[in-house]
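Visitor:
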Amino acid sequence: MVLNAIAFVFLCLQAAGVYSDSHSYRYFYTGISDTGHGQPLFTATAYVNDFPIGTYTSHTKEFQLQTKWIKEKTDPALWKRNTQVFQGWEIEFKKGVKSLMSHFNHTEGFHTLQWMYGCELHDDGSISGYDLDGYDGREFLALDQERVIHTASLPEAESIAEKWNTETNEAERMKNYLQEQCIGSLRQYIHSGQEHLEMKVAPKVKISEQRMEKGLQLHCHAYGFYPQDIHVKWMRNGREEVPCLDANYVLPNTDGTYQIRVTIHITAEKGDKYFCHIDHSSQKETYVLPWEPAKDAHILIVIGACVSAIALLAAVIAIWRHRRRTVNNNPDYSVSPSPCIFGTTSSPKMSKNGQAFFPPRVPRWQRHKFISSLAANAEDHDAHALHPAV
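As structure tokens, then:
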């Protein structure tokens, strides 16, 4: 997939997620319209839980295993079979990108086509699966396993979904794959790699503060933890949860562990105490770390607030004097109170054609499936041959 082209959007306190002991086996495919960004035209990566176990790209032309214990416990013949499978998908994705560009009336530019499918085995023994397609960062098609049909997520995809549902049994084959072959492979991985997949590393936590013009920013940084799911929040006086400033992202480290930083803004309130709360599956109880302010922290907050108030007052006086001179020099000039002098206004947004322009929210993952010729020949493929063995 185009890692630098798509961002994941989360709500502040949902970004860290809620941990669980479920296991997953999933594949991510991405095709792009050109290589002007220095990335391969086609990429496919397999994951067991958070571990990338293998990757194929149009640059390497080979499925390369990335996890040591997978290499040790897997028949090398399967690696070669996967290479052949992905070489076929590379051809299909190149056709699919062009087909969807035409379908969306795109004649040029950078476009992406993505596919995600996978299965999960939950700690209560239940299973689930998913099969999603995306075009240019928007969900395009999805498998409804209960009704055993593909549903269109965009109006432009309705004709494709209808074609798949009436002319092929792709939905039924995909459902069977997710519930049988995919879960079967996942169980084998759990058995052979249990020591690695169930590894737990507790987070290290530190708190830092940053002086601002008005108050302080407090940062709670949890790092070096595994698995990825974690919940980090700030509490005031042990009872009140403090909203964080921005959406927080769990980021990977080079050693396979993860990190996250949660930031809040505070002003001087005598007696208030702040605590960072961390929940992670490596811990039996919530870890609580108190903020211990620097000796001059509260003084600096008060001084900063006073300086800001003085600066604001000076600005108001300067504006008042300027407008008074203008009125005296021009009797026809009238002055109306400005609501922005004592209030706050939001910063201007980027706009296009006079309308507010915001980055689009995108689903957590996107995907593509062989939509060459808008999947007209989907029925000609064998379901087991379409999916890799590792």
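Throughout the sequence shown, residue numbering follows mature numbering (1 follows the signal peptide of the UniProt record, and there is no 0), covering -20 to -1, 1 to 370 in sequence.
Note that the Cβ used here is the ideal one computed from N, Cα and C, for glycine as well.
1) Mind checking whether residue 42 and residue 23 have CB atoms under 7 Å apart?
2) Taking the alpha carbon of residue 187 as the reference point, which residue from 243, 80 and 105 has its own alpha carbon closest?
3) Residue 46 to residue 223, Cα distance in whole Å?
4) From the DSSP output, in three-state form, read off residue 207 for me.
5) Pop quiz: residue 372 and residue 158 are said to be a contact at Cβ under 8 Å. What is the actual Cβ separation, rounded to whole angstroms?
6) DSSP three-state call for residue 47: helix, strand or coil?
7) Excluding sequence positions up to five away, which residues of its chain have a Cβ less than 8 Å from the Cβ of residue 32?
8) Note down the Cα distance separating residue 209 from residue 239, rounded to an integer number of angstroms.
9) Once you ignore the five residues that flank residue 231 on each side, which residues in its own chain have a CB closer than 8 Å to its CB?
10) Are residue 257 and residue 268 close, meaning C-beta to C-beta below 7 Å?
11) Report the start-end ranges of each beta strand (DSSP E) in the segment 160 to 225 that is 3 residues or longer and not cut off at the edges.
12) In the DSSP assignment, find the beta strand (DSSP E) that holds residue 94 and state where it starts and stops.
13) Give me the Cα-Cα distance between residue 101 and residue 193, rounded to the nearest whole angstrom.
14) Measuring alpha carbon to alpha carbon, tell me which residue in 172, 88 and 251 is nearest residue 16.
15) According to DSSP, simplified to helix, strand and coil, what is residue 23?
16) Could you tell me the alpha carbon to alpha carbon distance between residue 168 and residue 198, rounded to whole angstroms?
17) Leaving aside the five residues before and after residue 173 along the sequence, list all residues of the same chain whose C-beta is less than 6 Å from its C-beta, in chain order.
18) Have a look at residue 185 and residue 201 and give me their C-alpha separation to the nearest angstrom.
19) From the DSSP secondary-structure annotation, give me the bridge partner or partners of residue 11.
20) Enumerate in chain order the residues of its own chain whose CB-to-CB distance from residue 263 is below 7 Å, with the five nearest sequence positions on each side excluded.
21) Which same chain residues end up closer than 7 Å to residue 116 when comparing Cβ atoms and leaving out the 5 residues on each side of it in sequence?
22) Is residue 73 helix, strand or coil when you go by DSSP?
23) In whole angstroms, what is the alpha-carbon distance linking residue 178 and residue 211?
24) What is the C-beta distance between residue 78 and residue 125, in whole angstroms, given that I count them as a contact (C-beta under 8 Å)?
25) Applying the 10 Å Cβ sphere with the 16-neighbour rule, what's the burial state of residue 56?
26) Quick one: what does DSSP say residue 131 is sitting in, helix, strand or coil?
27) Round the Cβ separation of residue 38 and residue 20 to the nearest angstrom and send it over; I've been treating them as touching at under 8 Å.
28) Distance, Cα to Cα, residue 44 vs residue 94?
29) Roughly how many whole angstroms lie between the Cα atoms of residue 234 and residue 207?
30) Do you know whose CA, among 123, 86, 29 and 13, lies nearest residue 75's CA?
31) Roughly how far, in whole angstroms, is the beta-carbon of residue 5 from the beta-carbon of residue 123, given that I think they are within contact range, below 8 Å?
32) Given a cut-off of 7 Å on the beta-carbon distance, is the pair residue 170 and residue 107 in contact?
33) Which whole-angstrom value describes the C-beta separation of residue 73 and residue 11, a residue pair presumed to lie in contact below a C-beta threshold of 8 Å?
34) Sort out for me which residues DSSP pairs residue 122 with in a bridge.
35) Considering Cα atoms alone, identify which of 81, 128 and 213 is closest to residue 137.
36) Would you tell me roughly how many angstroms separate the C-alpha atoms of residue 225 and residue 254, rounded to the nearest one?
Guide: In terms of the structure at hand:
1) no
2) 243
3) 39 Å
4) coil
5) The chain is shown from -20 up to 370; residue 372 falls before or after that span and cannot be answered.
6) coil
7) 25, 26, 46 and 47
8) 10 Å
9) 238, 239 and 240
10) yes
11) 184 to 191, 196 to 205, 210 to 216 and 220 to 222
12) 92 to 101
13) 50 Å
14) 88
15) strand
16) 45 Å
17) 49
18) 6 Å
19) 22 and 93
20) 182
21) 91 and 92
22) helix
23) 19 Å
24) Not a contact, Cβ separation roughly 30 Å.
25) exposed
26) strand
27) 4 Å
28) 20 Å
29) 14 Å
30) 13
31) That belief does not hold up - the Cβ atoms of residue 5 and residue 123 are roughly 16 Å apart, past 8 Å.
32) no
33) 3 Å
34) 112 and 131
35) 81
36) 15 Å
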